[in-house]
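What follows is a short report on a single structure.
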Amino acid sequence: MMTRPTPDAILAALQAGDAAQAARLARQGLEQEPDSADLLVLFALSQWRLGDRATALETYARLTRLYPDEVVHWRNHATALFQAGDLPGAEAAYEQAVKLAPDDAEGLQLLGLVQMDLGKRVEARDTLLRAFGKAPDSPAIRIDAALACVACRDARAENLLRPWRQWMPLDDELESKLAEALAQQGDVTAAVELLEDLTRRLPGLWRLRVRLAGLYERMNRLEEAEALLDQVERERADSGLDERSRREITHQRARLAARHREHSAALSILDAPEAGGEYNCAHWFLVAQAHDKLGETTAAMAALKRAHALQIEEIKQTRPHWFEPDAAPSLVIRTRVTADDYAKWPVLKAPDAMHSPVFVVGFPRSGTTLLEQMLDAHPLLQSMDERPFFSALAKQLASVDVRVPEDLGKLDQRDCDELRKGYVTLACEKVPRRWDARLVDKNPLNLQWLPMIHRMFPEAKFILALRHPCDVLLSNYMQNFMASSLSAVCADLETLARAYVEVMENWIHHVEVFNPSVFVSRYEDLVADPAQQTRRIAGHLDLEDAAPMLNYDQRAREKEFIATPSYTQVIEPINRKGVGRWQRYREYFEPVLPILQPMLERWGYRADETIAADS
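When we follow the working numbering, the leftmost residue of the sequence shown carries the number 55, and every step to the right adds one.
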């Protein structure tokens, strides 16, 4: 009788690189013991190494039939299917593995990654968040879950990545994924730090340099971005670039051409086949911006219509309830605090104005970033990139059944003290705090959080940024926002106009209730006479010298990163390019002017004025 080969002997052959010998030994063993799990696994592995994927896959499948309750066989089968390119089959096999071991974080992670590759972003996010719940200390799971959250425009990505420095060092692949996750959720400075480290250690991984070049542009480091792209294209001239990399380089070249005001060149680059923009909303926003700069309004609006249509289809996958009949996305909490409600609030101790943040608010694209950079240039003020701090604090309150704004009057002294501590903690995580300077919190849509801000900082001073509503709408319509709520209301000019009115009416109502200290800064006045307007702002904030504010562009250029769509504008000296820009698009605004009329009247703007923008 033939001696049965042992699994150890087969494994030794595999480790020695002799897959053919391993396959022969495994086949001999299976002749005597055809249902041996150990022998079948080794046979499948040897066949895979020999290139006979069909036999290997059938063997893995047989194992799942013979041992349907064994998780390892479903995992092996799923992994083989994934490597063979059968993503639906891999998903089904991983799902079965998860059913058998629902608490296995690694199994959930593998399922989530396959779902991401299948384009099932919502399912992937939910699966990977389940994995995070099972293994909250796993850097790999947190990074994968963060990437899935970013793909769904889910703000939980930031919290998942918060302790990333504690995870270092990571292996190269995971560090690369971490850099991508940080960049996508807005921490570009940290992403560049990681990518610079990786490219120094791994100069042959040119894809990392392509990604780094894109971040350099985002940080206004244009020469470095161009040098990296030139370097990659020279090195890959003979062996070529894959489709994804060609597309990424093409879009980066178009952005750089636009930064040099070569808008016709940008369009030519974007028209090239390698741009691959048919189903890419970001591509069409770039096309629209180039047409706009060339004065080609019809082409710009056509490109924007296409960009927003693609963007809305993307958002529908994660927020389908926003698009149901009689539903609409909103930028405000629609519950309001009335004067009678406010009269019942207990009077509590709170910081005075000098020890409270300065809040810069306004509808997005109203000039809040310009104001922020001006204020940050003053030595007695310190700004930070906008963060949804009050949304985070409101969620904490909701976890203990305190609704905002309905239950703000129920908060006692200890509650408000704790909220202020939480706010300071969040702020210190974002900026190295200078305690001799007042904090400037610039977040346009803090407009909606006025009741909560007033409960925490009743003496705080506000600066409301105003700009002609039509210029505001046009600028918003041309932006590729990451925030789902803002992207959704920018779907078309009518929806955007209604959102603008709703936001402003909500603000006006609560200003009348709380009577906060507000300075109204009109963009048109600020760019027409910055010296006078900065003196008025300084007076509102009890600052003696407004002169440092006029050097804002120099201060902005010194910053590593400016996390708003205005990052290209605020490094330039002040100008009137954004004044009256909407007039070139007047035919598109005629249908929405009646919607805007109440706000035009409220803020002292006219629909028939013809202010010429600077060229």
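We put the beta carbon where it would ideally sit given N, CA and C, even for glycine.
- Contact check for Asp92 and Pro61: beta-carbon distance about 4 Å, within the 8 Å limit, so the pair qualifies.
- Comparing alpha carbon positions, the residue from Leu435, Cys482 and Ala209 closest to Ala592 is Leu435.
- Between the C-alpha atoms of Gln365 and Cys524 there is a straight-line separation of about 22 Å.
- Trp561 is the residue among Gln285, Trp561 and Leu465 whose C-alpha sits nearest the C-alpha of Val415.
- Per DSSP, Gln436 lies in no alpha helix (DSSP H) segment; the continuous beta strand (DSSP E) that holds it begins and ends at Leu435 to Met438.
- Runs of the alpha helix (DSSP H) spanning 4 or more residues and lying entirely within the region 400-469 occur at 422-430 and 443-452, in chain order.
- Scanning His594, Leu402 and Leu451 for the CA closest to the CA of His508 turns up Leu402.
- By the Cβ test, the region 404-412 is in contact with the region 502-519, since at least three Cβ pairs between them sit closer than 8 Å.
- Put simply, of Gln239, Met273 and Gln306 the residue whose alpha carbon is nearest the alpha carbon of Val264 is Gln306.
- In the three-state reduction of the DSSP assignment, Phe511 falls in the coil class, being assigned neither a helical nor a strand state.
- When the Cα atoms are used, Leu473 and Gln239 turn out to be separated by approximately 25 Å.
- Scanning Arg219, Ala244 and Asn534 for the CA closest to the CA of Pro418 turns up Asn534.
- Distance between Tyr606 and Leu499, taken at the CA atoms: about 23 Å.
- Residue burial is scored here from C-beta neighbours: Ser318 has fewer than 16 other C-beta atoms within 10 angstroms and is therefore classed as exposed.
- For the 7 Å CB-CB criterion, Ile649 and Ala551 form a contact.
- Contact between the region 424-444 and the region 481-498 is established, with three or more Cβ pairs separated by less than 8 Å.
- Two segments are said to touch when three or more pairs of C-beta atoms, one from each, lie closer than 8 Å; by this definition the region 148-163 does not touch the region 331-345.
- According to DSSP, residue pairing for Ser575 in a beta bridge involves Ala519.
- Per the C-alpha coordinates, the member of Ile369, Pro327 and Val391 positioned closest to Pro383 is Ile369.
- Here Phe97 is not near Ala108, since their CB atoms are 7 Å or more apart.
- Leu269 places its beta carbon less than 7 Å from that of Ala245.
- The beta carbon of Thr549 sits closer than 7 Å to the beta carbons of Val543 from its chain, once the five residues preceding and following it are set aside; these are given in chain order.
- Per DSSP, the beta-bridge partners of Val494 are Val412 and Ser437.
- DSSP, reduced to helix, strand and coil, places Tyr270 within a helical segment of the structure shown.
- When only Cα atoms are considered, Ala431 and Leu604 end up about 8 Å apart.
- Non-local beta-carbon contacts of Leu164 in its own chain, meaning distances under 6 Å to residues more than five positions away in sequence, involve Tyr148 in chain order.
- Cα atoms of Gly349 and Val646: separation of roughly 22 Å, rounded to the nearest angstrom.
- Annotation: Asp325 to Ala279 spans about 22 Å, alpha carbon to alpha carbon.
- DSSP places Arg298 in the uninterrupted alpha helix (DSSP H) bounded by Glu297 to Arg313.
- Put simply, of Tyr642, Leu465, Leu527 and Arg207 the residue whose alpha carbon is nearest the alpha carbon of Lys398 is Leu465.
- Inside the region 86-156, DSSP marks whole alpha helix (DSSP H) runs of 4 or more residues at positions 91-103, 107-120, 125-137 and 141-154, from first to last along the chain.
- The residue among Leu84, Gln502 and Thr588 with its C-alpha nearest the C-alpha of Met558 is Gln502.
- Leaving aside the five residues that flank Gly173 on each side, none in its chain has a CB nearer than 6 Å to its CB.
- Its Cα nearest to that of Met536, the residue Cys206 stands out among Asp106, Glu177 and Cys206.
- Pairwise C-beta distances place the region 352-367 out of contact with the region 181-193, as fewer than three of them are shorter than 8 Å.
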